[in-house]
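Asks: Here's a structure for you.
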Amino acid sequence: MTTATWTTEPPVRRGPGSFLAVRDLTVEFTTEDGVVRAVDGLSFDLEKGTTLGIVGESGSGKSVTSLSILGLHDPSTTTITGEIWLEDQELVSADRAVMERLRGNRVAMVFQDPLTALSPYHTVGRQIAETYRRHKGGSKREARERAIEMLKRVGIPQPHLRVDDYPHHFSGGMRQRAMIAMALVCDPDLLIADEPTTALDVTVQAQILDLLKELQQQTGMAVILITHDLGVVANTASEVLVMYAGRAVERGTVREVLREPRHPYTWGLLGSMPSLRSPVDVPLRPVRGTPPSLLAPPPGCPFHPRCDYVDVAGRELCTRERPVLTPETGHADACHLAPEDKRRLAPERRTDRKERA
Amino acid sequence: MSEPLLELSGLTKHFPVMGGFLIKRRVGSVHAVDDVDLTIAPGETVGLVGESGCGKSTTGRLVARLLEPDRGTIRFEGRDITHASRRELKPIRSQIQMIFQDPYSSLNPRHTVGSIIRGPMEINGIEPPGGREKRVRELLETVGLNPEHYNRYPHEFSGGQRQRIGIARALALQPKLIVADEPVSALDVSIQAQVINLLQHLQREFGIAFLFIAHDLAVVRHFSHRVAVMYLGRIVEVGDRTSIYERPRHPYTHALLSAVPEIDAEPGRERIRLSGDLPSPVDPPSGCRFRTRCWKATDKCAQETPPLVRLDGNAEGHLVACHHPMDPPKPAEPPAEGAGADGSAGAPLEGSLAPGGAAENRSG
Numbered sequence: 006m007t008t009a010t011w012t013t014e015p016p017v018r019r020g021p022g023s024f025l026a027v028r029d030l031t032v033e034f035t036t037e038d039g040v041v042r043a044v045d046g047l048s049f050d051l052e053k054g055t056t057l058g059i060v061g062e063s064g065s066g067k068s069v070t071s072l073s074i075l076g077l078h079d080p081s082t083t084t085i086t087g088e089i090w091l092e093d094q095e096l097v098s099a100d101r102a103v104m105e106r107l108r109g110n111r112v113a114m115v116f117q118d119p120l121t122a123l124s125p126y127h128t129v130g131r132q133i134a135e136t137y138r139r140h141k142g143g144s145k146r147e148a149r150e151r152a153i154e155m156l157k158r159v160g161i162p163q164p165h166l167r168v169d170d171y172p173h174h175f176s177g178g179m180r181q182r183a184m185i186a187m188a189l190v191c192d193p194d195l196l197i198a199d200e201p202t203t204a205l206d207v208t209v210q211a212q213i214l215d216l217l218k219e220l221q222q223q224t225g226m227a228v229i230l231i232t233h234d235l236g237v238v239a240n241t242a243s244e245v246l247v248m249y250a251g252r253a254v255e256r257g258t259v260r261e262v263l264r265e266p267r268h269p270y271t272w273g274l275l276g277s278m279p280s281l282r283s284p285v286d287v288p289l290r291p292v293r294g295t296p297p298s299l300l301a302p303p304p305g306c307p308f309h310p311r312c313d314y315v316d317v318a319g320r321e322l323c324t325r326e327r328p329v330l331t332p333e334t335g336h337a338d339a340c341h342l343a344p345e346d347k348r349r350l351a352p353e354r355r356t357d358r359k360e361r362a
Numbered sequence: 009m010s011e012p013l014l015e016l017s018g019l020t021k022h023f024p025v026m027g028g029f030l031i032k033r034r035v036g037s038v039h040a041v042d043d044v045d046l047t048i049a050p051g052e053t054v055g056l057v058g059e060s061g062c063g064k065s066t067t068g069r070l071v072a073r074l075l076e077p078d079r080g081t082i083r084f085e086g087r088d089i090t091h092a093s094r095r096e097l098k099p100i101r102s103q104i105q106m107i108f109q110d111p112y113s114s115l116n117p118r119h120t121v122g123s124i125i126r127g128p129m130e131i132n133g134i135e136p137p138g139g140r141e142k143r144v145r146e147l148l149e150t151v152g153l154n155p156e157h158y159n160r161y162p163h164e165f166s167g168g169q170r171q172r173i174g175i176a177r178a179l180a181l182q183p184k185l186i187v188a189d190e191p192v193s194a195l196d197v198s199i200q201a202q203v204i205n206l207l208q209h210l211q212r213e214f215g216i217a218f219l220f221i222a223h224d225l226a227v228v229r230h231f232s233h234r235v236a237v238m239y240l241g242r243i244v245e246v247g248d249r250t251s252i253y254e255r256p257r258h259p260y261t262h263a264l265l266s267a268v269p270e271i272d273a274e275p276g277r278e279r280i281r282l283s284g285d286l287p288s289p290v291d292p293p294s295g296c297r298f299r300t301r302c303w304k305a306t307d308k309c310a311q312e313t314p315p316l317v318r319l320d321g322n323a324e325g326h327l328v329a330c331h332h333p334m335d336p337p338k339p340a341e342p343p344a345e346g347a348g349a350d351g352s353a354g355a356p357l358e359g360s361l362a363p364g365g366a367a368e369n370r371s372g
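These protein sequence lines are chains A and B, in that order.
Residue numbers are given in our numbering: position 155 of the first sequence equals residue 160, and the series is strictly consecutive.
Residue numbers are given in our numbering: position 275 of the second sequence equals residue 283, and the series is strictly consecutive.
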């Protein structure tokens, strides 16, 4: 089931071979208080037709990663280093004209809040048609037909009538459908969905996730799904990347990461979420403390101030040396714990919620 | 069963919709809460779930008497507070406290943490032994904050810490009931769990009853003794936690549960996808309000509003408002187990379990 691979070989001129390859991406913002390193040395690969779930809490750098793939950052305050390869095209060094041709065309994005992402002054149909005309040309009539077709594809009833509605006429779920229609109007190869269902109710969330899956099967696009909800990832993604303080702390297939998590932070995330079947009288096992400030991240492993296993792995090591994501391919994690400790400690944490039932 | 702490009966709140040019007049009303019956026992946690716009927050605000109901009654400790005046409410306000969803907008940015938590004591003229400041420091410690932070301002705290401040403020008057309106949904996953654990700890230690309003079904299950499911202003199913999550009977409850994305979903879990969105509460569907999205709906559903009643084979207190309820999952061993509160009117009722979903057998 896994088609994506991770390699750290330096990319040759024609790119590293996979459809999307991010290599050692670092994003820094200059703020009044100092330099914030929002993403720190992130690498991953993504193949067509697969979905990568990026999971993390607010401030973990998951949204910044996606914005830098699209080149949607303020160049005056942002420094980006590293490489982002979309097939043969390098995006970090690409100029504005290139990025403008790419955005909405080969790479599209669905945002969390459709009400703020859609313009309230233009009809839904016009907003979808505009993207199409901008990239593919064609007459207004053709673009309108295309907009109606797209609305139909995303399951909006009576698309030929709704095409002339304004976003405020739509309900939350329908707006998100309209956003997806807009994102997919040019048949992108890569869709980035940043918390696409967080603002929606569960029943509508299920509809939208099904829709995304269905459209992916039809078009074979690659999807990056950014979310804080591991349940959403378990249901939609094929691979997962867990981020903490701008770094990848664990990655692998959904099965590997959710069934045999290796990083203490992933354990904490899983222990924090009540499920519909977990025993109810057992307290949850949250991660203690709060995420670190990225202005002055902790030395060594950024997770060590909140980690329960610092003494198992060696306090000296955790506070001084930054763990790297190993191994280079497959299921990997960035933690100083010895592999046998991870095996010993992880299942204990995962199952005791059930055993005590 | 002991005397309920809070008793809602036939609670109704409609908000006017104004229209017209220059001269505003009422053109309709939002049926936010319609004919809601609910009781909360002392020390009990009742979860209220439903999609946005189903009226769960309005219910919470009615209970805290931040809104005045149009019809129905609210009884708190046997006293009718439905239309109580400000003065009559004053002693009761200290018994019912609220925790809000947004920890950023629910704390005054110009007040220190100390004065925020002290506020309720000052308003109610309460002078705890050892002074208010000492009590505030104790409260800060109870909710897991550093008492030294007494003089800090809310902006110096993170979202999770602010929510703890809100909780400390709610605890300041030693309330009997806390209405918690989505207390964790604005927080990160790991922080969410910390706050849930804290609330659960407080609930056990001080025996506070909670009306826990949330849209996250897993969180509600974790926290609540009993759960009420709301749809478009009405309660469609209510019962103890086990009944609602293991043996739901209303199609809407089934749909909600099957829509929750689960990490370790059991294989073969039923998968119901509702089409469309919540209808407008301005002009709710006739009869059963869920019928427009329900796959079992018939003509009867459009004509008659299903009453909230106990069905055959349900545990005591497990009420469903549906003309065509779903079959319970294990017809072989129907009610009894899990229904610890059984005894009198309960027990297996005569009449077989209704076949094929067209259940009509009910016990009043």
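Glycine included, every Cβ here is placed at the ideal spot set by N, Cα and C.
Could you compute how far the alpha carbon of A180/B sits from the alpha carbon of E278/B?
Replies: Position 172 of the second sequence, counted from the first residue, corresponds to residue 180/B. Position 270 of the second sequence, counted from the first residue, corresponds to residue 278/B. Roughly 45 Å separates the two Cα atoms.
Asks: Under DSSP, the alpha helix (DSSP H) around G36/B begins and ends at which residues?
Replies: Position 28 of the second sequence, counted from the first residue, corresponds to residue 36/B. Unbroken run through G36/B is the beta strand (DSSP E), R33 to I48; no alpha helix (DSSP H).
Asks: Could you check whether I82/B and L16/B sit closer than 7 Å to each other, using their CB atoms as the reference points?
Replies: Taking the first residue of the second sequence as position 1, residue 16/B is located at position 8. Taking the first residue of the second sequence as position 1, residue 82/B is located at position 74. By the CB criterion at 7 Å, L16/B and I82/B fall inside the cutoff.
Asks: When you compare the CB of G251/A with every CB in chain B, is at least one pair closer than 7 Å?
Replies: Against the first sequence, residue 251/A aligns to sequence position 246. No, G251/A lies away from the interface with chain B (no Cβ there is under 7 Å from its Cβ).
Asks: Among the candidates S232/B, V246/B, R234/B and I271/B, whose CA atom is the shortest distance from the CA of H233/A?
Replies: On the first sequence, position 228 is the one that residue 233/A refers to. Comparing Cα positions, the closest option is I271/B.
Asks: Given a cut-off of 7 Å, decide if L205/A and G178/A are closer than it, judged by their beta-carbon atoms.
Replies: Indexing the first sequence from 1 puts residue 178/A at position 173. Indexing the first sequence from 1 puts residue 205/A at position 200. It is a contact, given that the beta carbons lie within the stated cut-off.
Asks: Under 7 Å between the Cβ atoms of V254/A and V245/A?
Replies: As a first step, residue 254/A is located in the first sequence; it is residue number 249 there, counting from the start. As a first step, residue 245/A is located in the first sequence; it is residue number 240 there, counting from the start. Going by C-beta atoms, V254/A is not nearer than 7 Å to V245/A.
Asks: Please identify, using Cβ separations under 9 Å, the residues of the segment 148 to 176 of chain B that lie next to chain A, in order along the chain.
Replies: S166, G167, G168 and Q169
Asks: Given that a residue counts as buried once 16 or more other Cβ atoms are within 10 Å of its Cβ, and exposed if not, what is M26/B?
Replies: On the second sequence, position 18 is the one that residue 26/B refers to. Exposed is the call here.
Asks: Compile a chain-ordered list of the residues in the segment 257 to 272 of chain B whose CB is closer than 7 Å to at least one CB of chain A.
Replies: A263, L264, L265, A267, V268, P269, E270, I271 and D272
Asks: Between the Cα of Q208/B and the Cα atoms of H223/B, T261/B and V192/B, which residue gives the shortest distance?
Replies: As a first step, residue 208/B is located in the second sequence; it is residue number 200 there, counting from the start. Out of H223/B, T261/B and V192/B, V192/B has the C-alpha closest to the C-alpha of Q208/B.
Asks: By a C-beta neighbour count over all protein chains shown, 10 Å radius and 16 as the cutoff for buried, is V40/A buried or exposed?
Replies: Here residue 40/A corresponds to residue number 35 of the first sequence, with the count starting at 1. Label assigned to V40/A: exposed.
Asks: Please give me, in chain order, every unbroken run of the alpha helix (DSSP H) with length at least 4 that falls completely inside the segment 222 to 246 of chain B.
Replies: Within the segment 222 to 246 of chain B, the complete alpha helix (DSSP H) runs of at least 4 residues are 225 to 231.
Asks: Is G27/B close to chain A? Criterion is C-beta to C-beta, closer than 7 Å.
Replies: To locate residue 27/B, count along the second sequence from 1; it is residue 19. It does not; no Cβ of chain A falls within 7 Å.
Asks: Let me see if you follow: with CB-CB separation under 7 Å, is N322/B close to chain A or not?
Replies: Here residue 322/B corresponds to residue number 314 of the second sequence, with the count starting at 1. Closer than 7 Å: no.
Asks: Identify whether T55/A lies in helix, strand or coil by the three-state DSSP scheme.
Replies: By 1-based counting over the first sequence, the position of residue 55/A is 50. In this structure, T55/A counts as coil in the three-state DSSP scheme.
Asks: Closer than 9 Å between beta carbons: that is the criterion. Which residues of the segment 197 to 214 of chain B meet it against chain C?
Replies: In the displayed structure, chain C is absent; the protein chains listed are A and B.
Asks: Which residues in chain B sit within 9 Å of E255/A, going by Cβ to Cβ distance?
Replies: Within the first sequence, the letter at position 250 stands for residue 255/A. Those do not exist, as E255/A stays about 15 Å from chain B at its closest Cβ, beyond 9 Å.
Asks: Do P162/B and L115/B have their CB atoms nearer than 7 Å?
Replies: The sequence position of residue 162/B within the second sequence is 154, counting from 1. The sequence position of residue 115/B within the second sequence is 107, counting from 1. Yes, Cβ-Cβ distance for P162/B and L115/B is below 7 Å.
Asks: Taking 7 Å as the limit between beta carbons, can you name the residues of its chain near R140/B, skipping five residues before and five after?
Replies: What you label residue 140/B is simply residue 132 of the second sequence in a count that begins at 1. Cβ within range, chain order: R126 and M129.
Asks: Work out the CA separation of I221/B and R101/B for me, nearest whole Å.
Replies: Here residue 101/B is taken as the residue at index 93 of the second sequence, counted from 1. Here residue 221/B is taken as the residue at index 213 of the second sequence, counted from 1. Using only the alpha carbons, I get a separation of about 19 Å.
Asks: For the segment 272 to 304 of chain A, enumerate the residues whose C-beta is nearer than 8 Å to any C-beta of chain B, in chain order.
Replies: G273, L274, L275, G276, S277, M278, P279, S280, L281, R282, S283, V285, P288, L289, R290, P291, V292, R293, T295 and P296
Asks: Determine, using beta-carbon pairs with one atom in the segment 120 to 130 of chain A and one in the segment 166 to 184 of chain A, whether at least three such pairs fall under 8 Å.
Replies: Yes: the two stretches touch, three or more of their Cβ pairs being nearer than 8 Å.
Asks: Would L74/B be called buried (16 or more neighbouring beta carbons within 10 Å of its own) or exposed?
Replies: Here the question's residue 74/B lines up with position 66 in the second sequence. Counting the other CB atoms within 10 Å of its CB gives L74/B a total below 16, which places it among the exposed residues.
Asks: R281/B and L281/A look like a contact to me (Cβ under 8 Å); what is the Cβ gap, rounded to whole Å?
Replies: Here the question's residue 281/B lines up with position 273 in the second sequence. Here the question's residue 281/A lines up with position 276 in the first sequence. Contact doesn't hold; Cβ gap of about 17 Å is too wide.
Asks: For the segment 265 to 323 of chain B, which segments carrying the beta strand (DSSP E) assignment without a break, of at least 3 residues, lie completely within its bounds, in sequence order?
Replies: List check, beta strand (DSSP E) in window: 317 to 319.
Asks: Below 7 Å on C-beta distance, what does E278/B contact in chain A?
Replies: The residue given as residue 278/B occupies position 270 in the second sequence. Simply none; closest approach about 12 Å.
Asks: Shorter than 7 Å from the beta carbon of V237/B to some beta carbon of chain A?
Replies: Taking the second sequence and counting its residues from 1, the one referred to as residue 237/B is at position 229. No - not a single Cβ of chain A is within 7 Å of the one on V237/B.
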